[in-house]
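Participant: The structure follows.
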Amino acid sequence: MDDPYPAYQQLRDHSPVHFHPDLGLYFLSRYADVSALGRDQRRMIRGTSLSGLFEEYRGTGLQEILGDNLFGVDEPTHGRLKRLVTRTFVRSRVEALVPRIEEICGQLLDEAELAPSGGRFDLIGTLGYPLPFQVICELLGIDPGDREPFLDWTRKVLPIVDPLPDPGQVRAAVDGAGSFVGYFTALVGERRRALRAGRDLPPGLVSDLVRAAEDEDGGRLSGPELISLCFTLLVAGFENVTNLVSNAWRALAENPEQAEALCKEPELLHNLPDEVLRYYSTTQYNTRQTTEDLTLHGVRIPAGATVVLLRGAANRDGRQFPDPDRFDLRRTNSATHTGFGEGATLCTGAALSRLEVRIAFRELLRRCGPGLRISRFEAGPTKLFWGPRVLEVEYGTP
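For the sequence shown, my numbering assigns the number -19 to the initial residue and increments by one for each residue that follows.
Next up, the structure:
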């Protein structure tokens, strides 16, 4: 479903707590509910939302990389893992990446040879995928010669997070996850042996996490936790930004007056990532489990129920965002969207994602101007991570 927003409006207006009897799920669609319960770690936990889901794949790479990862565990494990990631993902490290991100962006667009008079190109293949992918791989410290198969593995794994993957998707996901586990197990093992032998480790987050895993004062990481964190940081580091870049072009192409404003008022670029995340949420939903009975809008949600937080619906709620279906770069509260999570679950890489999108569109608009159009669009393979699989675009005077 490429346009879930009319259905979201129906839910918000008529059934803000919607029980689906076939799925056994409770769907929340209003901003106040999603935001409040998303940060409520007492009454709403992640529980078995991931680990139980992948229990049937125990012994496969799927259970190892997704079963107990940063997005699927509760306190105190979640806090321990996030502290380890956060201390290696500090603001100074992100800010130091600016010149390198600008360099990569310029190189990729130079290679595309975009004609000043206008033309057509594959946005995802040219910039949307390779920019964040190169950035996160460099940040992790992954050798360039090892990176080529990662996109294929990722595309195999991601559809498994949808509620009802088909058998072919399951088989592909098991295969892709096994490849990731094999790669990161070998990489981490190599770094651990080097550390224990007293040798210097290559720079990057993988080496930082290996050191943290060996540090008794740092809360130690188990082997599976370390592998899962490596996978999570890699995929979260580029998949979300790929979709964010694509969704930004789509929003600007559909709202040409905003593209014109962005060219005339470059300071509006600061709000672009957040207004895009509000308008076209790259993460449409996530799940929680209730720890006690709740009553919300007159509906009783029993303890142990699975609740779906519809972030895409919350971000178009007129109770929070006036004129919510308007894409508006001058909106003053865009950054209150739920796209990066909230509270303890706030996305660690939010600052990097925003930075990459601002740099990408500053350079895209400099080269392409405001005449942005879409020539071919194919929706992505998952309903959770929302963005196109194919986005061929045009620019310049039609």
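Heads up, the beta-carbon is just placed ideally off N, CA and C, and yes, glycines get one too.
Everything numeric in this text was worked out from a predicted model, so none of it was measured.
What does the alpha-carbon distance come out to for the pair Pro124 and Cys117?
Facilitator: Taking the straight line joining both Cα atoms gives about 8 Å.
Participant: Find out if the Cβ-Cβ distance for the pair Glu343, Gly86 is shorter than 8 Å.
Facilitator: Result yes, Cβ atoms of Glu343 and Gly86 sit closer than 8 Å.
Participant: In chain order, which continuous runs of the beta strand (DSSP E) of length 3 or greater are located wholly inside the region 272 to 331?
Facilitator: Qualifying beta strand (DSSP E) stretches, in chain order: 274 to 276, 279 to 281, 286 to 290.
Participant: With a threshold of 16 other CB atoms inside 10 Å of the CB of Ser(-5), please say whether the residue is buried or exposed.
Facilitator: Flag for Ser(-5) reads exposed.
Participant: Would you give the residue range spanned by the alpha helix (DSSP H) that Gly18 belongs to?
Facilitator: That run of the alpha helix (DSSP H) goes 11 to 18.
Participant: In three-state terms, what does DSSP make of Arg258?
Facilitator: Here Arg258 sits in helix by DSSP.
Participant: From Asn295 to Leu175, what does the alpha carbon distance come to, in whole angstroms?
Facilitator: Between Asn295 and Leu175, the C-alpha separation is close to 45 Å.
Participant: Excluding sequence positions up to five away, which residues of its chain have a Cβ less than 8 Å from the Cβ of Leu131?
Facilitator: Cβ neighbours of Leu131 beyond the five flanking positions: Tyr109, Phe113.
Participant: How big is the Cα-Cα spacing for Ala228 and Ser72?
Facilitator: Those two C-alpha atoms are separated by around 26 Å.
Participant: Between the beta-carbon of Arg171 and the beta-carbon of Ser159, is there less than 8 Å?
Facilitator: Cβ atoms of Arg171 and Ser159: not closer than 8 Å.
Participant: Just reading off the alpha helix (DSSP H) that His(-6) is part of, what are its end residues?
Facilitator: Unbroken alpha helix (DSSP H) run through His(-6): -15 to -6.
Participant: How many angstroms separate the CA atom of Ser202 from the CA atom of Gly349?
Facilitator: The straight-line gap from Cα to Cα measures roughly 50 Å.
Participant: Check the C-beta distance from Val150 over to Glu44 and give it rounded, since I have them as a contact under 8 Å.
Facilitator: Contact flag wrong, Cβ pair sits at about 16 Å.
Participant: Given this structure, state the Cα-to-Cα distance separating Arg80 from Asn220, to the nearest angstrom.
Facilitator: Each residue's Cα considered, the two are about 20 Å apart.
Participant: Just how far apart, CA to CA, sit Pro302 and Glu194?
Facilitator: Taking the straight line from one Cα to the other gives about 50 Å.
Participant: Taking its Cβ as the centre, do 16 or more other Cβ atoms sit within 10 Å of Gln(-10), making it buried, or is it exposed?
Facilitator: Under this definition Gln(-10) is an exposed residue.
Participant: How big is the Cα-Cα spacing for Glu272 and Ala330?
Facilitator: For Glu272 and Ala330, the distance between alpha carbons rounds to 31 Å.
Participant: Is the beta carbon of Val137 closer than 8 Å to that of Gly156?
Facilitator: Going by C-beta atoms, Gly156 is nearer than 8 Å to Val137.
Participant: On the DSSP bridge list, what partners appear for Tyr6?
Facilitator: According to DSSP, which records beta bridges pairwise, Tyr6 is partnered with Phe(-1), Val287.
Participant: Can you give me the Cβ contacts of Ala177 inside the same chain, cut-off strictly under 6 Å, excluding the 5 residues immediately before and after it?
Facilitator: Within the same chain, Ala177 has no close Cβ partners at all.
Participant: Bridge partners of Val373, per DSSP?
Facilitator: The partner list for Val373 (beta bridge, DSSP) reads Phe101, Ile354.
Participant: Three or more C-beta pairs closer than 8 Å, one from the region 1 to 10 and one from the region 315 to 322: is that the case here?
Facilitator: Because the criterion of three Cβ pairs below 8 Å is not met, the region 1 to 10 and the region 315 to 322 do not touch.
Participant: Starting from the Cα of Gly278, find the closest Cα among His(-2), Trp366, Pro(-16) and give me that residue.
Facilitator: Here the closest residue by C-alpha is His(-2).
Participant: Among Met24, Arg100, Val373, which residue has its Cα nearest to the Cα of Asn266?
Facilitator: Cα-wise, what sits closest to Asn266 is Met24.
Participant: Beta carbon of His316, beta carbon of Gln300: below 8 Å?
Facilitator: Per the sequence shown, residue 316 should be read as Thr rather than His. Cβ atoms of Thr316 and Gln300: closer than 8 Å.
Participant: With respect to the beta strand (DSSP E) encompassing Asn266, which residues constitute its N-terminal and C-terminal limits?
Facilitator: From DSSP, the beta strand (DSSP E) with Asn266 extends over 265 to 270.
Participant: Please determine, among Ser208, His0, Val168, the residue with the shortest C-alpha to C-alpha distance to Thr40.
Facilitator: Thr40 has its Cα closest to that of Ser208, out of Ser208, His0, Val168.
Participant: Please name the residue in Gln264, Leu332, Leu257 whose C-alpha comes closest to that of Asn313.
Facilitator: It is Leu257 whose Cα lies nearest to the Cα of Asn313.
Participant: Pop quiz: Gly367 and Gly360 are said to be a contact at Cβ under 8 Å. What is the actual Cβ separation, rounded to whole angstroms?
Facilitator: Rounded, the Cβ-Cβ distance is 5 Å, consistent with contact.
Participant: Can you tell me whether Ala239 is buried or exposed, with buried defined as 16 or more other CB within 10 angstroms of its CB?
Facilitator: When all chains shown are included, Ala239 counts as buried.
Participant: Sorted by chain position, which residues of the same chain lie with C-beta nearer than 8 Å to Leu17's C-beta, five sequence neighbours on each side aside?
Facilitator: Excluding sequence neighbours, Leu17 sits near Leu8, Arg23, Met24, Arg268, Val287, Leu289.
Participant: Alpha carbon to alpha carbon, what distance is there between Glu255 and Glu82?
Facilitator: Their backbone Cα atoms lie some 22 Å apart in a straight line.
Participant: State the CB to CB distance for the pair Leu224 and Ser333, rounded to an integer number of angstroms; the pair is presumed to be in contact (CB under 8 Å).
Facilitator: Sure, about 6 Å apart at Cβ, within 8 Å.
Participant: Spatial neighbours of Gly184 within its chain, please: C-beta separation below 8 Å, excluding the five flanking residues on both sides.
Facilitator: Glu118, Leu119, Leu120, Gly121, Ile122, listed in sequence order.
Participant: Taking C-alpha atoms, which residue in Gly169, Glu93, Arg291 lies nearest to Leu206?
Facilitator: The option with the nearest alpha carbon to Leu206 is Gly169.
Participant: Secondary structure at Ala76, three-state DSSP: helix, strand or coil?
Facilitator: If DSSP states are grouped into helix, strand and coil, Ala76 belongs with coil.
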